[in-house]
């Protein structure tokens, strides 16, 4: 890292911003080349070619590939890069909704019917009418009180069918009757029903129909001019996804049959928590292995990278509803990413993705930013969102978007266009240079955070009950969270994470799937891929904890590490093998060595006691303030970040090339002066992203192994304070 590279970072291709280049009209070489030249002139040197609504050329036709060839040839001659977008519109995986014409390739899902049945009632059903996976009568000795206690009995009525599939059963007890039916939506030609993301065969067809065609045409350019492929908006369309391979995979991974337990996905019993854990764990792994790992492996073999984002990134509820476990999916991206729509800021979508990327040792994290902000989007708002994304750990900006055309309805496609049609176009070169410098500064090193917040997705699974009345919502408010415990947990987890950020107590969120990448060393929990070490682990709202996490935390506690149990007690361990009670006794967390806390403010204050900061703000703003600490009780699809805001001074730290980089971002609409005490005698310097300047700090004094400095941060801008380490 040096000042010259920082200043000229916009000339380094790896730090260029990537505009979504919307091919949304009749694409002609002359206009296309003019637009590429404009991009190159402002240092937007890695466009993502994105087939979009309004496209007249036939997608993936010979004409399409001729146009791609023209773009690749120009990029090659001008030292630019091309990133491929893998779909016509979105979501990825359907190949312009041709693959989903085949029912076997469409997402399958479970439909649940529940009714009360009285003793003596007769039940009729026929397996010829529906594809029943389970028909169970749940009875209890308590009569009509179905409390999920150990007295519940389960009667499989499918075993009562005759040779023609007819079921006639007269109830010997009152109970609840559950029917679990396998369904698949009818084909629709655009925009709704998705590929089966749990099926390796379905995704392999997607690779053959799309990726292989690009490789056939441009094999020599892969890994050179063509550097990456973008995957967009994948999701579970229906609440409880299913695939034909699931029964066999569940049996192989968990050791027991899935079908008899399916009612427990919505019925509460003493067994439901462990079964829900097993179900969501399996589909989360299958999702990653089929939808992302196959494309990751294909791309790696051809020397390009994968990036993109998933639907439902904002909250625990949306992450689970649309992805099972969103954090583990990011392991199968070279460059994990998010989508941040609208002109607001302050949510957790970036923090979740960035944390996962760090947990898996990935350096670059992308964000598709600024879309759906409207034609009245201000340049200064764009800067503020960008600065906030960088402070969260994003270091690769994808602009949504540069529109080939804004003719007719094209101007209404999640606007604005940030291309030459935008009223602030004259400022775009300044932005691309600034963003490149920030990408350069915040890549190739590691975050410095002392706190690790556990991602309590396993516990959330046990309480989550999806709302079956709404599928993928398509720009409407999503379904409410059905379970009160899940709703409270989702809200309070967001609040805790937001409060930590407000107090500039930087942290990463730790997911159990990445536990093998961590070890205990000298009383710290250390990420062995990045060397980041953590002195405090926060367990929020945890009831279930995978045994491998429990074992590691017990070792951490035995070496003097600090574990804060925030509203977590009587934590039970679970085994990924599914043999929770069948093997030797599970390892228990040593909760007597943890610090039990019941209020968010207690977590903040207790964390501070165990941290050794490298700086102290002695004058000026020292915190940020969010206008929205958590989302209302609903799942968002997709979510527009409007009306959210952040104020104050944000401070994060980054280590790179023997230097500590302090990111000071002023979110206020006025300049702010800060005096900072650094616990070092090395005089720091300021790096200014907007201009590329390096400045000495004019006001500083040194004594007693401390340096006190003061400097002014302009409104809505980021300054990097850089100090050399011993």
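Residue numbers (my numbering): 1 to 726.
Here a beta-carbon is modelled for each residue, glycine too, at the ideal position from N, C-alpha and C.
Taking the C-alpha atoms as reference points, what is the distance between residue i and residue j?
i	j	result
residue 694	residue 685	7 Å
residue 194	residue 683	56 Å
residue 515	residue 25	48 Å
residue 565	residue 609	15 Å
residue 353	residue 234	15 Å
residue 242	residue 420	46 Å
residue 717	residue 614	23 Å
residue 231	residue 197	13 Å
residue 667	residue 381	10 Å
residue 4	residue 274	56 Å
residue 78	residue 13	11 Å
residue 413	residue 294	31 Å
residue 751	residue 41	Within the shown structure, residues of the chain are numbered from 1 to 726, placing residue 751 beyond reach of any answer.
residue 326	residue 116	36 Å
residue 594	residue 563	5 Å
residue 92	residue 619	50 Å
residue 150	residue 311	Since pLDDT at residue 150 reaches only 48, below the 50 mark, its modelled position is unreliable, and the value read off the structure follows with that caveat. Between residue 150 and residue 311, the C-alpha separation is close to 38 Å.
residue 539	residue 453	6 Å
Can residue i and residue j be called in contact, C-beta distance under 8 Å?
i	j	result
residue 727	residue 97	Residue 727 falls outside the range modelled here, since the chain spans only 1 to 726, and no answer is possible.
residue 136	residue 110	no
residue 288	residue 331	yes
residue 237	residue 180	no
residue 290	residue 199	yes
residue 623	residue 648	yes
residue 553	residue 589	yes
residue 134	residue 178	yes
residue 542	residue 509	no
residue 561	residue 503	no
residue 671	residue 612	no
residue 770	residue 267	Given a span of 1 to 726 for the chain in the structure shown, any question on residue 770 remains unanswerable.
Decide if residue i is buried, meaning its Cβ has at least 16 other Cβ atoms within 10 Å, or exposed.
i	result
residue 118	exposed
residue 322	buried
residue 681	exposed
residue 384	buried
residue 114	exposed
residue 103	exposed
residue 407	exposed
residue 698	exposed
residue 375	exposed
residue 72	buried
residue 679	exposed
residue 2	exposed
residue 433	buried
residue 559	exposed
residue 577	exposed
residue 536	buried
residue 347	buried
residue 187	exposed
residue 168	exposed
Identify, in the order they occur along the chain, each residue of the same chain with its Cβ nearer than 8 Å to the Cβ of residue i, setting aside the five sequence neighbours on each side.
i	result
residue 276	264, 265, 461, 462, 464
residue 643	344, 627, 628
residue 213	60, 65
residue 526	518, 519, 520, 532, 533, 534
Excluding the five sequence neighbours on either side, which residues of its own chain have a C-beta within less than 6 Å of the C-beta of residue i, listed in chain order?
i	result
residue 15	9, 436, 439, 440
residue 735	Any question about residue 735 goes unanswered here, given that the chain covers just 1 to 726.
residue 586	547, 573
residue 639	314
residue 512	546, 549
residue 418	399
residue 122	170
residue 702	681
Mind checking whether the beta-carbon of residue i lies closer than 7 Å to any heavy atom of the ligand ZN?
i	result
residue 34	Absence of the ligand ZN is noted for the structure shown, with no ligands found whatsoever.
Quick check on residue i - is its C-beta less than 8 Å from some C-beta in chain B?
i	result
residue 95	Absent here is chain B; the protein component of the structure consists of one chain.
For residue i, collect the residues of the same chain with a Cβ closer than 7 Å to its Cβ; drop the 5 residues on either side in sequence, then sort them by chain order.
i	result
residue 582	Note that residue 582 scores 49 on pLDDT, short of 50, meaning its location in the model is unreliable; the coordinates nonetheless yield the value given after this. Closer than 7 Å at Cβ, skipping near neighbours: no residue.
residue 655	445, 446, 448
>> So within the stretch 358-406, which uninterrupted beta strand (DSSP E) runs reach at least 3 residues, ignoring any that extend past its ends?
In response: 366-369, 396-403
> Which parts of the stretch 654-678 are runs of the alpha helix (DSSP H), unbroken and 4 residues or longer, counting only runs that do not cross its ends?
Replying inline: none
> What runs of the beta strand (DSSP E), each 3 residues or longer, lie entirely inside the stretch 539-608?
Replying inline: 544-546, 562-566, 572-574, 595-597
>> Quick check for students: name the residue ranges of the alpha helix (DSSP H) that lie wholly in the stretch 13-66, counting only runs of 4 or more.
In response: 29-41
> What runs of the alpha helix (DSSP H), each 4 residues or longer, lie entirely inside the stretch 305-352?
Replying inline: 316-323, 326-329
> Which residue spans inside the stretch 460-531 form an unbroken beta strand (DSSP E) run of at least 3?
Replying inline: 507-510, 518-521, 524-527
> In chain order, which continuous runs of the alpha helix (DSSP H) of length 4 or greater are located wholly inside the stretch 246-284?
Replying inline: 246-254
> Which whole runs of the beta strand (DSSP E) in the stretch 679-724 are 3 residues long or more, in chain order?
Replying inline: Segments of the beta strand (DSSP E) lying fully in the stretch 679-724: 685-687, 694-696, 699-703, 706-713, 718-724.
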